[in-house]
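Those letters in the sequence shown? Residues 68 to 436, per my numbering, in order. Where a beta carbon is used, it is the ideal one built from N, C-alpha and C, also for glycine. Notes for the one structure printed next.
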Amino acid sequence: MEEQVAMMRPVSHFAPRSVLFDGLEYGADPRELLASLLQKDVSEITESEDMVWKKLYDLTYHGGMAASQKPILDNFSSVLSLIEKSNKVVVILGAGGSVGPDFRSVGGLYDSIAKDGVFDDPCQVFDLEYFQKDPSIFWRYAHTIFPDRQPKHSAAHYFIQELENRGKLLRLYTQNVDALDIGVPPKHLRTVHGSWRESYCMKCGALHHIEDIRDAVEKREVPTCHFCGGAIKPGIVFFGQSVNLNDYELEMDAHAADLLIVIGTSLRVAPVSEIPKLMKNVPSILINRETVKCDFSAELLGECDDVVRTIEYELGWEADEGVNPEEIQTYGSNQFIFPSNSELGARIETTSRNQFLVTSAPVDVDDLN
């Protein structure tokens with residue numbers, strides 16, 4: 068019993084519902100669970116066990132506990148200190164933190180499909196029903212998003228690898244299918260939308276490594292199974308398939324995490340967009356080109372690679388000095404603007420509704436004066 072309770076301590080205000088179900092199934096003492104949940108002595112509670120279970124249910128489903136206040140980091144040194152002391156970091160990685168092919172770029176997957184008029188909506192190329200009827204359409208264009216034989220990695224990839232090397236990474240949730248994550252063991256990696264690392268035969272289910280299908284992809288042919296000759300489907304999650312997320316594991320990560328870092332994503336696509344909400348009381352850092360509709364302890368706005376290089380340099384993790392911290396502007400109570408080291412440059416533009424970091428075109432510094 069004590070081991071069961073220890074696994075649940077301390078439980079945050081949203082209380083994983085699975086803990087409640089496990090407690091009921093294994094006959095846990097509801098008072099011990101309630102004490103763990105509230106982090107205080109509940110010996111004065113004299114109600115029946117049924118009433119205590121009801122209290123647990125109410126706390127779990129209706130948020131009956133007061134939420135703890137997420138810290139606001141108003142200087143860059145505090146951001147560095149938080150990263151330095153955190154040892155259970157959850158990272159969400161989006162396309163802005165990678166260097167994989169962009170589906171929507173000119174000459175990319177969707178553009179090529181639209182020009183050929185294959186589908187009314189280019190997104191249908193990822194529809195499982197269409198793929199099962201005719202896999203050749205997908206494989207005709209797959210080369211535009213297939214990883215290179217010797218791929219390049221972003222500074223964000225190396226930053227996450229460094230978190231893993233230092234024993235700080237609890238979990239990486241990546242929205243990217245490019246298979247470019249390096250140095251992160253499978254137990255810490257969750258490819259939410261699948262990846263190119265492995266594909267499988269639709270006939271016999273046999274798994275195939277990325278290099279097993281490379282020749283066919285480059286020839287724009289349908290790769291076939293080495294065992295039965297059946298058509299192969301990539302390990303990418305198509306419309307009509309479930310994403311690679313486990314609700315129980317997510318809740319446990321939210322319970323255990325001491326820092327959430329979001330890199331290169333607008334958080335507009337569910338279910339990844341729900342993760343920061345689940346971890347709303349965990350200290351959090353956004354590293355992105357622009358703000359998103361979510362509250363963070365600090366927002367580091369700029370080119371993701373520039374930001375993470377600066378963090379690593381200031382923490383003494385690597386030699387590349389990135390951006391000079393003295394050039395970082397504070398914009399709002401917890402927003403830090405990083406000047407870009409890329410050819411794109413960076414500037415802030417303000418509209419009547421919001422502030423935007425602009426990095427889509429070269430910027431002459433003299434033009435901003």
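- In summary, Ile249 is exposed, with fewer than 16 beta-carbon neighbours lying within 10 Å of its beta-carbon over all protein chains present.
- Around the Cβ of Pro338, a 10 Å sphere holds fewer than 16 other Cβ atoms; the residue is exposed.
- In this structure Leu160 is in contact with Ile330, their Cβ atoms being roughly 5 angstroms apart against a cut-off of 8 angstroms.
- Contact between Pro290 and Ile277 does not hold, since the beta-carbon distance rounds to 11 angstroms and is not under 8 angstroms.
- By the Cβ rule, the stretch 179-195 does not count as touching the stretch 264-271, because fewer than three pairs are nearer than 8 angstroms.
- In this structure, Ala95 lies away from Ser165, with their beta-carbon atoms at least 8 angstroms apart.
- Using a Cβ distance threshold of 8 angstroms, Trp384 and Glu196 do not count as a contacting pair.
- Secondary structure at Trp384: coil, using DSSP grouped into helix, strand and coil.
- Looking from the CA of Lys254, the closest CA among Leu345, Leu237, Tyr177, Gln242 belongs to Leu237.
- Asn232 carries a helical assignment under DSSP once its states are collapsed to helix, strand and coil.
- Ser351 and His260 have their C-alpha atoms spaced approximately 23 angstroms apart.
- Shown here, Ser309 sits in coil according to DSSP, grouped into three states, outside any helix or strand.
- Apart from the 5 residues on each side of it in sequence, Pro138 sits with its Cβ closer than 7 angstroms to the Cβ of Pro350, Ser364 in its chain, given in chain order.
- For Leu149, there is no enclosing beta strand (DSSP E); the residue is part of the alpha helix (DSSP H) that begins and ends at 143-152.
- Boundaries for Lys200: no beta strand (DSSP E) harbours it, while the alpha helix (DSSP H) harbouring it runs 195-200, taken from the DSSP string.
- A distance of 8 angstroms or more separates the beta carbons of Pro214 and Leu239.
- Under a 10 Å Cβ-count criterion, Ala324 is classified as buried, with 16 or more other Cβ atoms of the shown protein chains found around its own Cβ.
- About 19 angstroms separates the beta carbons of Glu265 and Gly307, which is beyond the 8 angstroms limit, so they are not a contact pair.
- Around the beta carbon of Gln199, fewer than 16 other beta carbons sit within 10 angstroms, so the residue counts as exposed.
- Contact between Asp194 and Phe305 is confirmed by a C-beta separation of about 6 angstroms, below the 8 angstroms threshold.
- Secondary structure of Ser266 (DSSP, three-state): strand.
- Note: Tyr240 is bridge-paired with Ile159, Arg257 in the DSSP secondary-structure output.
- A distance below 7 angstroms between beta-carbons, with the five flanking residues on each side excluded, links Val359 to the following residues of its chain, in chain order: Ser333, Leu334, Leu353.
- Sequence-distant partners of Asn154 (beyond 5 residues in either direction) whose C-beta falls short of 8 angstroms from its own C-beta, in its chain, are Gly234, Lys235, Asp325.
- Taking C-alpha positions only, Thr241 is separated from Phe294 by approximately 31 angstroms.
- When DSSP reads this structure, Ile328 sits in a beta bridge with Val158, Ile352.
- Residue Tyr208 holds the alpha-carbon nearest to the alpha-carbon of Gly174 among Ser148, Tyr208, Gln217, Val185.
- DSSP, reduced to helix, strand and coil, places Pro301 within a strand of the structure shown.
- Lys344 has its alpha-carbon roughly 11 angstroms from the corresponding atom of Leu317.
- Excluding five sequence positions before and after Asp320, the CB atoms of its chain that fall closer than 7 angstroms to its own CB belong to Val157, Leu237, Arg238, given in chain order.
- Ala283 has no beta-bridge partner at all, per DSSP.
- According to DSSP, residue pairing for Thr291 in a beta bridge involves Ala298.
- Within the same chain, Ala273, Leu274, His275, Ile299, Lys300, Gly302 come within 8 angstroms of Tyr267 by CB-CB distance, once the 5 residues on both sides are set aside.
- For Leu274, the pairing in a beta bridge is given by DSSP as Tyr267.
- Between Trp206 and Val284, the C-beta spacing is below 8 angstroms.
- The alpha-carbon of Leu176 is positioned some 12 angstroms away from that of Ile204.
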